[in-house]
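Here's the structure, in structure tokens; my notes come after.
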Amino acid sequence: MNDKVTIVGIAGGTASGKTTIVRMIKEKFGDDIVVISHDSYYKAHNDLSYEDRSRLNYDHPEAFDTALMIEDIKKLKNNEAIDMPVYDYTIHNRSDATVHIVPKKLIIIEGFMILENKELRDLMDIKVFVETDADERLLRRIRRDMVERARSIDSILTQYIETVKPMHEQFVEPSKKYADIIIPRGGENITGITILEEHLKHMMD
Ligand code: ADP
Ligand code: C5P
32 MNDKVTIVGI AGGTASGKTT IVRMIKEKFG DDIVVISHDS YYKAHNDLSY EDRSRLNYDH
92 PEAFDTALMI EDIKKLKNNE AIDMPVYDYT IHNRSDATVH IVPKKLIIIE GFMILENKEL
152 RDLMDIKVFV ETDADERLLR RIRRDMVERA RSIDSILTQY IETVKPMHEQ FVEPSKKYAD
212 IIIPRGGENI TGITILEEHL KHMMD
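The opening residue of the sequence shown carries number 32 in this note's numbering; numbering runs sequentially from there.
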């Protein structure tokens, strides 16, 4: 039973270093942490073919089942376990698996669109935005998506120009104003991350 639950949101553009920073915080807090990724709540599209799914806009708020994510976060806050969906980027669809998550003292909500939704934002005790230059993010995304998400260079570049960049400008960049802390340069910024970790320790006391 956790008497007090602290919820931290970690936002930032695609490939800005959110996952890297979450990994670093996890190393510090170990068993006290649960990580809920917005991407796990991408809507399922079992009625569409792979070709049709690959053409969807995955950078719009409507791509996510954020209502289900909010429901699950509220359950964790109330000390109830959840079965979190699992998303498979290689097939552009939700997988059949789920992950059983038990409540912990610190909940990290991670995702590029999490500060855009007011109800979700209002659940957070502290809001962080990871800021990395767009050209670095694109370079990192190309490498990651080819290696980890089974994408071709052409598909990555087309998607970036048609949806990722315009949606970033429309939804992600403006949501930065809701952040309490901005961490420039992502996972390289050891000082910024250490200050965040110290603050989280203090909040959890
Ligand atoms: P996000 O979760 O914001 O999409 P990640 O932390 O997963 O970002 O980083 C995106 C990609 O960039 C990953 O492949 C990661 O290994 C790589 N990466 C992250 N930080 C750095 C860095 N400082 N220098 C080089 N590559 C990095
Ligand atoms: O980890 P990151 O924040 O980069 O993950 C979000 C990105 O995943 C979005 O920019 C979206 O374009 C991409 N995505 C994708 N294919 C999917 C689902 C999400 O390329 N099927």
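In this text, a Cβ means the ideal position worked out from N, Cα and C, and glycines have one as well.
| Item | Value |
| --- | --- |
| Where the alpha helix (DSSP H) containing Val178 begins and where it ends | Ala165 to Glu179 |
| Whole-angstrom C-beta distance between Lys35 and Lys136, which should lie under 8 angstroms | 7 angstroms |
| Under 8 angstroms between C-beta atoms of Gly217 and Thr163 | yes |
| Rounded straight-line distance, which links the Cα of Leu188 to that of Arg172 | 10 angstroms |
| Heavy atom of the ligand C5P within 7 angstroms of Tyr72 beta-carbon | no |
| Closer than 7 angstroms: Glu111 CB and nearest the ligand ADP heavy atom | no |
| Proximity below 8 angstroms, CB of Ala75 to CB of Ser206 | no |
| contact_flag[the segment 116 to 127, the segment 64 to 73] where n(CB pairs < 8 angstroms) is 3 or more | yes |
| Contacting residues, own chain, Cβ-Cβ under 8 angstroms from Asp119 (five flanking each side not counted) | Arg125 and Ser126 |
| Short Cβ contact (8 angstroms threshold) for Ile64 with Ile139 | yes |
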